[in-house]
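Beneath this line is the structure, given in structure tokens, with notes to follow.
Number of protein chains: 2
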Amino acid sequence: MRDVAVIGIGIQRWGELWERSLRDLFVEAALNAIRDAGVERIDSMYVGCMSPGLFIGQEHLGSLLADYLGVCPIPALRVESACASGGMAVRAGFIEVASGLSDIVLVGGVEKMTDVSSGGATYALATAADAEYEVYQGATFPGLYAMVARDYMRRYGLTREQLAQVAVKNHDNGALNPHAQFPSKLSLEAVMTSTMVADPLRLMDCSPITDGAAVAILCPLNMANELSKQPPVKISGVGAATDHIALHDRKDFCEFSATVAACERAYKMAGVGPEQIDFAEVHDCFTIAELCVIEALGFFPRGTAGQATWAGETARTGKKPINTSGGLKSKGHPVGATGVGQIHELVTQLRGAAGARQVPGVKRGLAQNMGGSGGSTVVHILEVV
Amino acid sequence: MRDVAVIGIGIQRWGELWERSLRDLFVEAALNAIRDAGVERIDSMYVGCMSPGLFIGQEHLGSLLADYLGVCPIPALRVESACASGGMAVRAGFIEVASGLSDIVLVGGVEKMTDVSSGGATYALATAADAEYEVYQGATFPGLYAMVARDYMRRYGLTREQLAQVAVKNHDNGALNPHAQFPSKLSLEAVMTSTMVADPLRLMDCSPITDGAAVAILCPLNMANELSKQPPVKISGVGAATDHIALHDRKDFCEFSATVAACERAYKMAGVGPEQIDFAEVHDCFTIAELCVIEALGFFPRGTAGQATWAGETARTGKKPINTSGGLKSKGHPVGATGVGQIHELVTQLRGAAGARQVPGVKRGLAQNMGGSGGSTVVHILEVV
Numbered sequence: 040m041r042d043v044a045v046i047g048i049g050i051q052r053w054g055e056l057w058e059r060s061l062r063d064l065f066v067e068a069a070l071n072a073i074r075d076a077g078v079e080r081i082d083s084m085y086v087g088c089m090s091p092g093l094f095i096g097q098e099h100l101g102s103l104l105a106d107y108l109g110v111c112p113i114p115a116l117r118v119e120s121a122c123a124s125g126g127m128a129v130r131a132g133f134i135e136v137a138s139g140l141s142d143i144v145l146v147g148g149v150e151k152m153t154d155v156s157s158g159g160a161t162y163a164l165a166t167a168a169d170a171e172y173e174v175y176q177g178a179t180f181p182g183l184y185a186m187v188a189r190d191y192m193r194r195y196g197l198t199r200e201q202l203a204q205v206a207v208k209n210h211d212n213g214a215l216n217p218h219a220q221f222p223s224k225l226s227l228e229a230v231m232t233s234t235m236v237a238d239p240l241r242l243m244d245c246s247p248i249t250d251g252a253a254v255a256i257l258c259p260l261n262m263a264n265e266l267s268k269q270p271p272v273k274i275s276g277v278g279a280a281t282d283h284i285a286l287h288d289r290k291d292f293c294e295f296s297a298t299v300a301a302c303e304r305a306y307k308m309a310g311v312g313p314e315q316i317d318f319a320e321v322h323d324c325f326t327i328a329e330l331c332v333i334e335a336l337g338f339f340p341r342g343t344a345g346q347a348t349w350a351g352e353t354a355r356t357g358k359k360p361i362n363t364s365g366g367l368k369s370k371g372h373p374v375g376a377t378g379v380g381q382i383h384e385l386v387t388q389l390r391g392a393a394g395a396r397q398v399p400g401v402k403r404g405l406a407q408n409m410g411g412s413g414g415s416t417v418v419h420i421l422e423v424v
Numbered sequence: 040m041r042d043v044a045v046i047g048i049g050i051q052r053w054g055e056l057w058e059r060s061l062r063d064l065f066v067e068a069a070l071n072a073i074r075d076a077g078v079e080r081i082d083s084m085y086v087g088c089m090s091p092g093l094f095i096g097q098e099h100l101g102s103l104l105a106d107y108l109g110v111c112p113i114p115a116l117r118v119e120s121a122c123a124s125g126g127m128a129v130r131a132g133f134i135e136v137a138s139g140l141s142d143i144v145l146v147g148g149v150e151k152m153t154d155v156s157s158g159g160a161t162y163a164l165a166t167a168a169d170a171e172y173e174v175y176q177g178a179t180f181p182g183l184y185a186m187v188a189r190d191y192m193r194r195y196g197l198t199r200e201q202l203a204q205v206a207v208k209n210h211d212n213g214a215l216n217p218h219a220q221f222p223s224k225l226s227l228e229a230v231m232t233s234t235m236v237a238d239p240l241r242l243m244d245c246s247p248i249t250d251g252a253a254v255a256i257l258c259p260l261n262m263a264n265e266l267s268k269q270p271p272v273k274i275s276g277v278g279a280a281t282d283h284i285a286l287h288d289r290k291d292f293c294e295f296s297a298t299v300a301a302c303e304r305a306y307k308m309a310g311v312g313p314e315q316i317d318f319a320e321v322h323d324c325f326t327i328a329e330l331c332v333i334e335a336l337g338f339f340p341r342g343t344a345g346q347a348t349w350a351g352e353t354a355r356t357g358k359k360p361i362n363t364s365g366g367l368k369s370k371g372h373p374v375g376a377t378g379v380g381q382i383h384e385l386v387t388q389l390r391g392a393a394g395a396r397q398v399p400g401v402k403r404g405l406a407q408n409m410g411g412s413g414g415s416t417v418v419h420i421l422e423v424v
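Chains as they are written, first to last, in my numbering: chain H, 40 to 424; chain D, 40 to 424.
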């Protein structure tokens, strides 16, 4: 397998982007990434998108987006793994470059979520759960994650304040991110008194509905300096894994075992462990998810992530900064784009180009992107060469 | 890149399978393939499916189907390229094995199309076209392919009888296929007098709405004999390509340029040309599609495929047998499964196991699977080792 590098990244400010369609959003991010890399051709592309069929009545995004980007007849394929679709697109592109089949591969993610009613968005998102055994019984994602939160509180004594601190910390970071949907600080009180969605989760525990896209350009590491003037960032580890799709089939609600399996593979490939990761972007679709995930990644012992968050250990200035971008909570969660947006943040930090939210001296970062209530997960480890 | 072989195939009889759900269909075909290969583990899997969101309200098939197949925590990913989703799953699995990342990769396709009304199926299928510029103006796929047929007739003098002969020939083959949805012979008169759908295309020019799945097991060629008792079939060429998604953006309605580009790549990888292909499975979603495709593949000069079909050259006993399985027309077209179903037929023929429809002495076959009105295409060349 050839070593693979990221040589370009592109995004736009995420939000409720009424004036732009899915194809506009993707092409905008793709052109930004192509310009950033300075490449003159693309050999193949992958698009992560969760449900364009339900959100905008459009499937076949490979053809549509290659067409609108003006790169036909290159191969172009949509991949889908619910909210992990973007990370899976990065993994698919990584494998294609590593295989030797293609040299310059564009990997992107996109979702246009605001063209349906809020009920339509809730229905579309619920298709990431087990339709027959969860959704038809009335489960939605806030409800599923609320059960995880209840179980976690009961077992480990997590307080409501500790949980809220995840949102406070991520908004502290997102307030410094020009691409964030909600770049505003949030007080603990604002989280604690926001509208109840699914007890104990309140509105400010939940990531928002977002339109957006993100794109990265991959190439073989040994061609990076010839193809681009950007300092290459190596993808040193990749891992993906699955778990039972339905929460009720899991042995342990609070152990995200797909994340455990995916990061084990990524750590092994990169030859490092969790202690060698300087910072990470993780899938905080709900505040409780961030706590379970940073334990599954081995950053903190089981049951301690709430205390660690409260103590500031996951803050930008802490010993393991988590979601320097603002995370899904503040940056936004255009589901298919989220995993590529994480890669955008890692590369930005590793280039030392994160401005006011830059973590000094970072050399290695990890991105964890998951689908549904954890039924699929993909992990990437990126590092300065 | 490592050489890749197919060591197992599985399918069920396709049709209107009211008593089985999508997950049942996929797992049935997967277990058949695993049993056929005789493997004891799967390292990774890809699922081609066009629109489970619109057909059954379920996305996240990677997690769902890995779960129901009992193979968690392996990586599992859905890929989508409209009706070419199945072929794209095979290509994705090919790349993963070729890269060295995984050894035993399960690639499958599935679609459950009969759980919505016929209007719902037409809407879901139309999402393979350009929603904003074709579908919202009233275009459906029979209408789009009817325009291709009209243009072809005008330019090349194709007769209605020649076009109908495609369906007659494919039903002659499908009548001998135990997995076919409509395993019955069809007379020229029956095609010519069937209900008009979109002039000049009649009902018997159109592939049906179908439930079904198909699965193949891939591994490195040099491990095939150790992993399986089946004679390995080598995937010697793979090519994928895109074209403008909307028909009105193409320079030439009758030239399927994504098929031209995809087969060029596959021929180059395999080191052969169209004259070295003994037989092929092609994407006859409508009779006119088969004619355009076998010209794009270089089997017949432009404008002559109708005459060649009428003269029996594409019959099972002709010099270039096309769609020995019965094609989409007779075997059925569960869209996401179709491309893997084509691989099932190639492997069956190359093993000499096709029974009454066996083409004697075949050593090399080609599968062509396309999405929409030709906006994406994937081609595989398989051969006896």
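Think of the CB as a built atom: it goes at the ideal place given N, C-alpha and C, for glycine as much as any other residue.
| Asked | Found |
| --- | --- |
| Applying a beta-carbon distance threshold of less than 7 angstroms, which residues of chain D neighbour cysteine 111 of chain H? | Thr281, Asp282 and His283 |
| Only counting the same chain, and skipping five residues up and downstream in sequence, which positions put a Cβ closer than 6 angstroms to that of valine 386 of chain H? | Val45, Ile48 and Val272 |
| Under a Cβ-count criterion, where at least 16 other Cβ atoms within 10 Å of its own Cβ denotes burial, should glutamate 384 of chain D be classed as buried or exposed? | buried |
| Taking leucine 103 of chain H as the query, report the chain D residues whose CB atoms sit under 8 angstroms from its CB, ordered along the chain. | Asp169, Ile284 and Gly414 |
| Which residue or residues does DSSP assign as beta-bridge partners of histidine 419 of chain H? | H/Val277 and H/Ala406 |
| Using 7 angstroms as the limit for Cβ to Cβ distance, is aspartate 291 of chain H near chain D? | no |
| State yes or no: is the beta carbon of threonine 166 of chain D nearer than 7 angstroms to at least one beta carbon in chain H? | yes |
| Alanine 170 of chain H to glycine 96 of chain D, Cα distance in whole Å? | 7 angstroms |
| Going by DSSP in three states, methionine 152 of chain D sits in which element: helix, strand or coil? | coil |
| Taking DSSP's pairing of strands, which residues face cysteine 258 of chain H in a bridge? | H/Ala44 |
| Taking only beta-carbon positions, decide if valine 118 of chain D is within less than 7 angstroms of chain H. | yes |
| Thinking C-alpha only, which one of H/Gly139, H/Met40, H/Gly147 and H/Cys293 is nearest alanine 105 of chain H? | H/Gly147 |
| Looking only at its chain, what residues have a beta carbon closer than 6 angstroms to the beta carbon of leucine 93 of chain D, apart from the 5 residues adjacent to it on each side? | Ala163 |
| Give the interface partners of isoleucine 382 of chain H over in chain D, defined as CB-CB distance under 9 angstroms, in chain order. | Within 9 angstroms Cβ-Cβ: nothing; isoleucine 382 of chain H doesn't reach chain D, min ~17 angstroms. |
| With a threshold of 7 angstroms on Cβ separation, who are the neighbours of valine 182 of chain D within its own chain once the five nearest residues in sequence on each side are excluded? | For the record, residue 182 of chain D in the displayed sequence is glycine; it is not valine. The answer, listed in chain order, is Ala237. |
| Does the structure place the region 346-354 of chain H close enough to the region 200-215 of chain H that three or more beta carbon pairs sit under 8 angstroms? | yes |
| Closer than 7 angstroms, CB to CB, is isoleucine 316 of chain H near chain D or not? | no |
| Can you check whether the C-beta of proline 271 of chain H is within less than 7 angstroms of a C-beta belonging to chain D? | no |
| Shorter than 7 angstroms from the beta carbon of leucine 257 of chain H to some beta carbon of chain D? | no |
| Only counting the same chain, and skipping five residues up and downstream in sequence, which positions put a Cβ closer than 8 angstroms to that of valine 174 of chain D? | Ala165, Thr166 and Ala168 |
| So arginine 396 of chain D is in the alpha helix (DSSP H); what residue range does that whole segment cover? | No alpha helix (DSSP H) contains arginine 396 of chain D, which DSSP labels as neither H nor E. |
| Starting from the beta carbon of alanine 297 of chain D, find every residue of chain H whose beta carbon is closer than 9 angstroms, and list them in chain order. | Ser102, Cys111 and Pro112 |
| With 7 angstroms as the threshold, decide whether the Cβ of glutamine 204 of chain D is near any Cβ in chain H. | no |
| Is it the case that the Cβ atoms of isoleucine 50 of chain H and serine 83 of chain H are separated by a distance below 7 angstroms? | no |
| In the DSSP assignment, what are the bridge partners of aspartate 211 of chain H? | Answer by DSSP bridge pairing: none, since aspartate 211 of chain H is not bridged. |
| Taking 6 angstroms as the cut-off, is the C-beta of glutamate 135 of chain D nearer than that to any heavy atom in the ligand NAD? | Looking at this structure, you won't find the ligand NAD or any other ligand, since it has none at all. |
| So, is aspartate 75 of chain H buried or exposed, given that buried needs 16 or more other C-beta atoms within 10 angstroms? | buried |
| I'd like to confirm the pairing. Which residues does DSSP put opposite tyrosine 107 of chain D in its beta bridges? | Its beta-bridge partners do not exist; DSSP assigns none. |
| Where proline 294 of chain D and isoleucine 134 of chain H are concerned, what is the direct C-alpha to C-alpha distance, given to the nearest angstrom? | A quick correction: the sequence has glutamate, not proline, at residue 294 of chain D. About 32 angstroms. |
| Do aspartate 63 of chain H and leucine 260 of chain H have their beta-carbon atoms positioned less than 7 angstroms apart in this structure? | no |
| Below 7 angstroms on C-beta distance, what does aspartate 75 of chain D contact in chain H? | Those within 7 angstroms of aspartate 75 of chain D in chain H number zero; the least Cβ separation is about 23 angstroms. |
| Exposed or buried, tryptophan 53 of chain D, counting other C-beta atoms within 10 Å across all chains shown (16 or more means buried)? | buried |
| Taking the alpha-carbon positions, what's the glycine 251 of chain D to leucine 56 of chain D distance? | 8 angstroms |
| Can you give me the C-alpha to C-alpha distance between glycine 87 of chain H and cysteine 111 of chain H, rounded to a whole angstrom? | 18 angstroms |
| Restricting to Cα atoms, I'd like to know which of D/Pro239, D/Thr161 and D/Asp190 is closest to glycine 177 of chain D. | D/Thr161 |
| Under DSSP, the alpha helix (DSSP H) around glycine 87 of chain H begins and ends at which residues? | Counting along the chain, glycine 87 of chain H falls outside any alpha helix (DSSP H), though it belongs to the beta strand (DSSP E) covering 83-87. |
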